[in-house]
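**Q** In my numbering, the protein residues as written are 1442 to 1707.
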């Protein structure tokens, strides 16, 4: 039971409920918020009932008991690591930035430590067969490597701007160092730079062109979307250039024999 585990944490530290009350008073004073304060009577009640503490008081207990806040939340059945799963289960219709948040920086994940020297990079293969040695590293380490100065974006389910090159529901890696149009030559649509653009009312992932002070968002020729114009620097800013894409090539919700249908051109 959560109440018994809370009491065990306190007893293990050798402090009384009055000690907790005094220490929480310091936190409340520092934060200028009485919600952080824990009274002797309140803690006694929590330790002997199934009552649930407020987030402020749970924060104070986390600080006083030297216990990770996420671990205390787990006592009450709240697992922040499931946030990503719930986000995937609740897709949003419009293109937006996506945060890769680490709620438990000490948690470890499997990570390839050494690759098999015999595998051929030219051939498609399973990653598990390419790795010779797996190890574990703190997830926070991977988060803060920031090797490519990247942000991550999600292409909304209603965003057909670059369809079929970039399908709705795709995730893109964005090089945020590229904040301006690049005068690059390209031979095919696969070489053409794709930009992630912040608009006044959302985001867009598109090919771009600059005409005087107008930023043009150019759709794929097979897309049902039309060219959009925005005043560059005022109504539209480039977040970065798309460096990588992760997307599905099949639709799980449609039968394989159904003909492909696109929305009307807008």
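Note that the Cβ used here is the ideal one computed from N, Cα and C, for glycine as well.
1. Going along the chain, which residues of its own chain have a beta-carbon closer than 6 Å to the beta-carbon of residue 1627, five neighbours each way excluded?
2. Nearest-angstrom Cα distance between residue 1484 and residue 1524?
3. According to DSSP, is residue 1449 part of a helix, a strand, or is it coil?
4. Which whole runs of the alpha helix (DSSP H) in the region 1510-1546 are 4 residues long or more, in chain order?
5. Where does residue 1573 sit, in a helix, a strand or coil, going by DSSP?
6. Going by other Cβ atoms of all chains shown within 10 Å of its Cβ, with 16 needed for buried, is residue 1455 buried or exposed?
7. Check whether the Cβ atoms of residue 1683 and residue 1649 sit closer than 8 Å, and answer yes or no.
8. How about residue 1644 and residue 1615: are their beta carbons less than 8 Å apart?
9. If distances are taken between C-alpha atoms only, which option among 1657, 1597, 1466, 1507 comes closest to residue 1539?
10. Apart from the five residues just before and just after residue 1636, which ones in its own chain have a Cβ nearer than 6 Å to its Cβ?
11. Can you tell me the Cβ-Cβ gap for residue 1604 and residue 1664, rounded? I've got them flagged as a contact below 8 Å.
12. Any contact between the region 1476-1490 and the region 1450-1467? By contact I mean 3 or more CB pairs, one from each, below 8 Å.
13. Quick one: using the 10 Å Cβ neighbour count with 16 as the cut-off for buried, is residue 1672 buried or exposed?
14. Starting from residue 1472, follow the alpha helix (DSSP H) in both directions and report where the run begins and ends.
15. CB-CB under 6 Å to residue 1677, same chain, minus the five flanking residues each way: which ones, in chain order?
16. Are the region 1497-1508 and the region 1464-1482 touching by the rule of at least three beta carbon pairs closer than 8 Å?
17. Can you give, in chain order, each stretch of the beta strand (DSSP E) that sits fully within the region 1596-1675 and has at least 3 residues?
18. Out of curiosity, what's the CA-to-CA distance linking residue 1476 and residue 1505?
19. Under a three-way DSSP split, which group does residue 1506 fall into?
20. With 16 other CB atoms within 10 Å as the buried threshold, where does residue 1629 fall?
21. Mind checking who residue 1593 pairs with in its DSSP beta bridge?
**A** In short, the structure shows the following:
1. Residues 1633 of the same chain have their beta carbon placed closer than 6 Å to that of residue 1627, with the five preceding and five following residues left out of the count.
2. In this model, residue 1484 and residue 1524 are separated by some 29 Å (Cα to Cα).
3. Judged by DSSP in its simplified three-state form, residue 1449 adopts helix.
4. Counting only runs that start and end inside the region 1510-1546, the alpha helix (DSSP H) elements of at least 4 residues fall at 1510-1516, 1524-1530.
5. Three-state DSSP puts residue 1573 in a strand.
6. Flag for residue 1455 reads exposed.
7. no
8. With contacts defined by Cβ atoms closer than 8 Å, residue 1644 and residue 1615 do not form a contacting pair.
9. 1597
10. 1649, 1679, 1682
11. Yes, residue 1604 and residue 1664 are in contact; Cβ-Cβ is about 5 Å, under 8 Å.
12. yes
13. exposed
14. 1458-1472
15. 1638, 1640, 1656, 1671
16. yes
17. 1612-1616, 1636-1640, 1643-1652, 1655-1659, 1669-1672
18. Residue 1476 and residue 1505: Cα-Cα distance of roughly 15 Å.
19. Residue state for residue 1506 is assigned as coil, using DSSP reduced to three classes.
20. exposed
21. 1539, 1614
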